[in-house]
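This note's numbering runs 100 ahead of the 1-based position in the sequence shown.
Working notes, structure below.
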Amino acid sequence: MSKLDEIQTEVKTTPGLGKKMAKYGAVGAIVAIPIPFVGPIFGALAGAAVAYAKRKD
C-alpha cells in the first residue's frame, strides 16, 4: 500500500478530515494570492498538509 493510498483511506475514514483539509487549503490559497501563478497552488497544498498533520486534534 502506497503512502497516497494510506492518506486517501485515512481521509475517508476520519469524519470531518476532508472538510477540514478543504477549509485549510482554501485559506492557504487566499493567503498566497500575492505570489503570482504558483502561490495559490502551494498555499492550498500547504493548508491541506497542515490540516492533515493536525488530524488527531
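Where a beta carbon is used, it is the ideal one built from N, C-alpha and C, also for glycine.
Within 10 angstroms of its Cβ, does residue 151 collect 16 or more other Cβ (buried), or is it exposed?
buried
Are residue 127 and residue 118 close, meaning C-beta to C-beta below 8 Å?
no
Distance, residue 120 Cα to residue 143 Cα:
15 Å
Below 6 Å CB to CB, which residues in the same chain sit around residue 129 once its five sequence neighbours on both sides are set aside?
140, 143, 144
By how many angstroms is the C-alpha of residue 124 removed from the C-alpha of residue 147?
4 Å
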